[in-house]
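S.K.:
2 protein chains.
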Amino acid sequence: MPDNIYTLKLQDQKARRGEIITSNGIIQTPAFMPVATTATVKALTCEDLEECGAEIILGNTYHLYLRPGVDIIRSLGGLAKFNAWHKPTLTDSGGYQVFSLKDISKISDEGVNFQSHYDGSYHFFTPEKVVELQLAIGADIMMVFDQCVPYPADKKLATEGVRRTYDWAQRSKAHYDNLISSHKFKNTNYLFGIVQGSVYKDLRTQSAEQIVSLDFSGNAIGGLSVGESKNEMEDILAHTIQFLPEGKPRYLMGIGYPEDILMAVSYGIDMFDCVLPTRNARTGNVFTSEGPLVYRNADNSMDDQPLDPNCDCKVCRRYSRAYIRHLYNQSEITGMVLASYHSTYFYQNLMRNIRKAIEEKRFEQFQKEFLSQYRKGLE
Amino acid sequence: MPDNIYTLKLQDQKARRGEIITSNGIIQTPAFMPVATTATVKALTCEDLEECGAEIILGNTYHLYLRPGVDIIRSLGGLAKFNAWHKPTLTDSGGYQVFSLKDISKISDEGVNFQSHYDGSYHFFTPEKVVELQLAIGADIMMVFDQCVPYPADKKLATEGVRRTYDWAQRSKAHYDNLISSHKFKNTNYLFGIVQGSVYKDLRTQSAEQIVSLDFSGNAIGGLSVGESKNEMEDILAHTIQFLPEGKPRYLMGIGYPEDILMAVSYGIDMFDCVLPTRNARTGNVFTSEGPLVYRNADNSMDDQPLDPNCDCKVCRRYSRAYIRHLYNQSEITGMVLASYHSTYFYQNLMRNIRKAIEEKRFEQFQKEFLSQYRKGLE
Chain A
1 MPDNIYTLKL
11 QDQKARRGEI
21 ITSNGIIQTP
31 AFMPVATTAT
41 VKALTCEDLE
51 ECGAEIILGN
61 TYHLYLRPGV
71 DIIRSLGGLA
81 KFNAWHKPTL
91 TDSGGYQVFS
101 LKDISKISDE
111 GVNFQSHYDG
121 SYHFFTPEKV
131 VELQLAIGAD
141 IMMVFDQCVP
151 YPADKKLATE
161 GVRRTYDWAQ
171 RSKAHYDNLI
181 SSHKFKNTNY
191 LFGIVQGSVY
201 KDLRTQSAEQ
211 IVSLDFSGNA
221 IGGLSVGESK
231 NEMEDILAHT
241 IQFLPEGKPR
251 YLMGIGYPED
261 ILMAVSYGID
271 MFDCVLPTRN
281 ARTGNVFTSE
291 GPLVYRNADN
301 SMDDQPLDPN
311 CDCKVCRRYS
321 RAYIRHLYNQ
331 SEITGMVLAS
341 YHSTYFYQNL
351 MRNIRKAIEE
361 KRFEQFQKEF
371 LSQYRKGLE
Chain B
380 MPDNIYTLKL
390 QDQKARRGEI
400 ITSNGIIQTP
410 AFMPVATTAT
420 VKALTCEDLE
430 ECGAEIILGN
440 TYHLYLRPGV
450 DIIRSLGGLA
460 KFNAWHKPTL
470 TDSGGYQVFS
480 LKDISKISDE
490 GVNFQSHYDG
500 SYHFFTPEKV
510 VELQLAIGAD
520 IMMVFDQCVP
530 YPADKKLATE
540 GVRRTYDWAQ
550 RSKAHYDNLI
560 SSHKFKNTNY
570 LFGIVQGSVY
580 KDLRTQSAEQ
590 IVSLDFSGNA
600 IGGLSVGESK
610 NEMEDILAHT
620 IQFLPEGKPR
630 YLMGIGYPED
640 ILMAVSYGID
650 MFDCVLPTRN
660 ARTGNVFTSE
670 GPLVYRNADN
680 SMDDQPLDPN
690 CDCKVCRRYS
700 RAYIRHLYNQ
710 SEITGMVLAS
720 YHSTYFYQNL
730 MRNIRKAIEE
740 KRFEQFQKEF
750 LSQYRKGLE
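Line by line, the protein sequences give chains A and B.
When the letters of the first sequence are read in order and numbered with the numbering used here, they come out as residues 1 to 379.
When the letters of the second sequence are read in order and numbered with the numbering used here, they come out as residues 380 to 758.
Here's what the structure looks like:
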């Protein structure tokens, strides 16, 4: 079993300032991981990500398994060599993707049979196979294969999800420990468990206790931001996080909007990921300190302001809304690049400011000030 | 009339090493202008272009007139402020585009009536209007509205094109001189003439003498690389260039492949533009010192070499063919960005090497050596 990878440096109420050490580098937390599903953050280069200050990105086992294929990645020296991102990478297990292919996947206790969304070919994922795939990919942090139930899920389905998630987590951990102790892989690829349970507190308690008992290198809360209300999400998060040990990283999967991140940090979450900054950027929306901006709108066509007047990123220092709106209007790739860069920087800058505020024991005040300016833009 | 903008610094046989001075900066020649039709080089940022060493880019009056519209560009301070490219820009007149819209354009001696390829709306371009549009856009170098005939063109059509090109050049020049002398615009936006005449040497002679007599700030050769053979192109270029004055820039429009550029430099051409490096990059082809590389091909899927082993651009220093091929295969924007960056750098680097070779009076030798390595890749 690997040594503890997390150091809690200081706390400001429940908000945590820590760091995670991996063989590809140190991650300052709370951290936001830009999503690089297919081994690239869409529209950005590694240089862009470094400039924005990202210290870890998130790949997806399902996608990388189908293309380019795990053998190719492994033969080229692993993911960090393949995509030239020399800092840490976390891979999601692909469970979420496989389950979202409802019509072309079939689940059993053994695993999931699914068809590729590329060519319809058949594939079978088991918890053991997903651990092996991620070890071969060479991710610094790997997620167990879990069962994420849709929202809303009746209690029977949610209970089934928790049972299977625990069963699979046990199998994943046993297989991982076995592979490491037999020296087939180095123990520098850390495995995280995932807590499920939908919006049922008793199930969340049960799942958290089960997952924590397996002593993973970190613990994630899955199955949130899948359709429930913001209040429900906060309620379940606040409940679940009590059961997660303080000495390990706590990762809230697939979240979220800036206001969600601030809320979750206030409860002690350390890691986040979300497609929002880059996906929205490609469809004409960016995040700014004054709230979301629909930069594609015609009222920006003569606006020489930067996307965010309070941002010091290289896009905001040089380009106007009018120009980026024009590029969007012309379907120019460059527009997607500039908008994606800004929003990625905005998220990384938010995390930098969060970390600094925690260090200076003024996180609550920072959260209030940020939201007061941010929500003006929402009105 | 503006002062002379061109300085011929030295010659190596007929190859010329010079510079063009504009109010937005100096251009070292021979120069290659990346094509920024809609005010951006596709998939690249201004920072990328600066890193590659581009000193001038090429916009298109037809496209910018339709979108975002000349009023928007002008009200935002002109093209250089609008697109944040602070070095020189040349705008093509849009003649080539308007004539290529055969089915939705109608030509008369007065001008061309055409429909927008965006929305079918009707527009009318005259030589005078095109000068005004380009002055409003604020391009450093503006091209007259000419008539480029298709290939092959019978002699009657080619003669008609030469006549109209001369007529329109006279009207353009008169209107330009009038606008400048009435102080409606500053005389820092230079107007270039264009020689036509298809593949008929007598018509090329006539057109060159007519255009040169109008004393533009520079002279371009248009109507080549429109379907004629490489031999015909070289033959017509070699013939036409004799009539162009040595004290002004000579621009070969829309060309071309690396071997074409080398050939044309050997006859004394100073300026080039072409969509090839960026367009090919987006469709899975890049230029390398060892010839064109179809990087999208499956045989690159496990190749950890850079796109060009002899290139020191930031893409070749970091990313492998296998990775960029994977990105292409996944339709990832990042793949287009990386490939476009490399090929743009490759062209700028070729021009740097050409300029250095001329300075060191070894251009012919450089051309031979370059082609010997480049053509190995073609075999």
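Backbone N, C-alpha and C define an ideal beta-carbon position, used for all residues, glycine too.
Quick caveat: nothing in here was measured; it's all calculated off a predicted structure.
Does residue 204/A get closer than 8 Å to chain B when you measure Cβ to Cβ?
M.R.: no
S.K.: Decide if residue 374/A is buried, meaning its Cβ has at least 16 other Cβ atoms within 10 Å, or exposed.
M.R.: buried
S.K.: Run through chain A and tell me which residues come within less than 9 Å of residue 712/B, C-beta to C-beta.
M.R.: 40, 42, 43, 44, 282, 333, 336, 337, 340
S.K.: By DSSP, does residue 378/A sit in helix, in strand, or in coil?
M.R.: coil
S.K.: I'd like the list of long-range same chain contacts for residue 209/A, defined as Cβ closer than 7 Å, with 5 residues on each side in sequence excluded.
M.R.: 243
S.K.: With distances taken Cα to Cα, identify the nearest neighbour of residue 446/B among 10/A, 327/A, 342/A.
M.R.: The candidate whose alpha carbon is nearest that of residue 446/B is 327/A.
S.K.: To the nearest angstrom, how far is it from the Cα of residue 22/A to the Cα of residue 681/B?
M.R.: 27 Å
S.K.: List the endpoints of the continuous alpha helix (DSSP H) containing residue 51/A.
M.R.: In the DSSP assignment, residue 51/A falls within the alpha helix (DSSP H) that extends over 46-52.
S.K.: Taking one C-beta from the region 311-322 of chain A and one from the region 345-354 of chain A each time, how about it: are there three or more such pairs within less than 8 Å?
M.R.: Yes, the region 311-322 of chain A is in contact with the region 345-354 of chain A.
S.K.: Do you know how far the Cα of residue 188/A is from the Cα of residue 380/A?
M.R.: Any property of residue 380/A remains undetermined from this structure, which presents chain A solely from 1 to 379.
S.K.: So what does DSSP say about residue 523/B, is it helix, strand or coil?
M.R.: In the structure shown, residue 523/B sits in coil (DSSP, three-state: anything other than H, G, I, E or B).
S.K.: Could you tell me the distance, in whole angstroms, from the CA atom of residue 460/B to the CA atom of residue 304/A?
M.R.: 9 Å
S.K.: Given residue 775/B, which residues of its chain have a CB within under 8 Å of its CB, disregarding the five upstream and five downstream residues?
M.R.: Residue 775/B cannot be examined here, being either before or after the span of chain B that is shown, 380 to 758.
S.K.: Which first and last residues belong to the beta strand (DSSP E) in which residue 494/B is found?
M.R.: 491-494
S.K.: Does the contact criterion of 3 or more C-beta pairs under 8 Å hold for the region 532-539 of chain B versus the region 486-505 of chain B?
M.R.: no
S.K.: Please go through the same chain and pick out, in chain order, the residues whose beta-carbon is closer than 8 Å to the beta-carbon of residue 211/A, but skip the five residues on each side of it.
M.R.: 165, 166, 169, 193, 194, 195, 219.
S.K.: At the 8 Å Cβ level, is residue 276/A part of the contact set with chain B, yes or no?
M.R.: no
S.K.: Mind pulling the beta strand (DSSP E) runs of 3 or more residues that sit fully within the region 561-644 of chain B?
M.R.: 569-574, 597-600, 629-631
S.K.: Let me make sure I understand the geometry here. Which of 739/B, 468/B, 421/B has the alpha-carbon closest to that of residue 719/B?
M.R.: 421/B
S.K.: If I'm right that residue 60/A touches residue 37/A with Cβ under 8 Å, what's the distance once you round it to whole angstroms?
M.R.: Your pair residue 60/A and residue 37/A checks out as a contact, with CB atoms roughly 5 Å apart and the cut at 8 Å.
S.K.: Using the Cα positions of residue 584/B and residue 618/B, report the straight-line distance between them to the nearest angstrom.
M.R.: Distance between the alpha carbons of residue 584/B and residue 618/B: 8 Å.
S.K.: Would a check of beta-carbon distances place residue 82/A closer than 8 Å to chain B?
M.R.: yes
S.K.: Is it true that the CB of residue 158/A sits closer than 8 Å to the CB of residue 198/A?
M.R.: yes
S.K.: For residue 268/A and residue 431/B, I'd like the C-alpha separation in whole angstroms.
M.R.: 45 Å
S.K.: Could you check whether the Cβ of residue 330/A sits closer than 8 Å to any Cβ belonging to chain B?
M.R.: Yes - at least one Cβ of chain B is within 8 Å of the one on residue 330/A.
S.K.: For chain B, is any of its Cβ atoms less than 8 Å away from the one on residue 136/A?
M.R.: no
S.K.: Whole-angstrom Cβ separation of residue 27/A and residue 88/A, contact assumed at under 8 Å?
M.R.: Their Cβ separation, rounded to whole angstroms, is 6 Å, which keeps residue 27/A and residue 88/A in contact under 8 Å.
S.K.: Let me know the secondary structure DSSP gives residue 438/B once reduced to three states.
M.R.: Here residue 438/B sits in strand by DSSP.
S.K.: Would you mind stating whether residue 207/A and residue 162/A have Cβ atoms separated by less than 8 Å?
M.R.: yes
S.K.: Among residues of its own chain, excluding the 5 on either side of residue 380/B, which ones have a beta-carbon nearer than 6 Å to its beta-carbon?
M.R.: Unreliable positioning characterises residue 380/B in this predicted model, as indicated by a pLDDT of 43, which lies under 50. A coordinate reading is not provided.
S.K.: Apart from the five residues on each side of it in sequence, which residues of its chain come closer than 6 Å, Cβ to Cβ, to residue 595/B?
M.R.: 570, 571, 572
S.K.: Distance cutoff 8 Å, beta carbons only. Does residue 466/B sit that close to anything in chain A?
M.R.: no
S.K.: For residue 414/B, write down the residues that DSSP places opposite it in a beta bridge.
M.R.: 437/B
S.K.: Please report the Cβ distance between residue 64/A and residue 39/A, rounded to the nearest whole angstrom; I am assuming they are in contact, meaning their Cβ atoms lie under 8 Å.
M.R.: 6 Å
S.K.: Who are the near neighbours of residue 95/A in its chain, counting only those whose CB is closer than 7 Å to its CB and skipping five residues on each side?
M.R.: 145, 146, 147, 148
S.K.: From the DSSP output, in three-state form, read off residue 149/A for me.
M.R.: The three-state secondary structure of residue 149/A, taken from DSSP, is coil.
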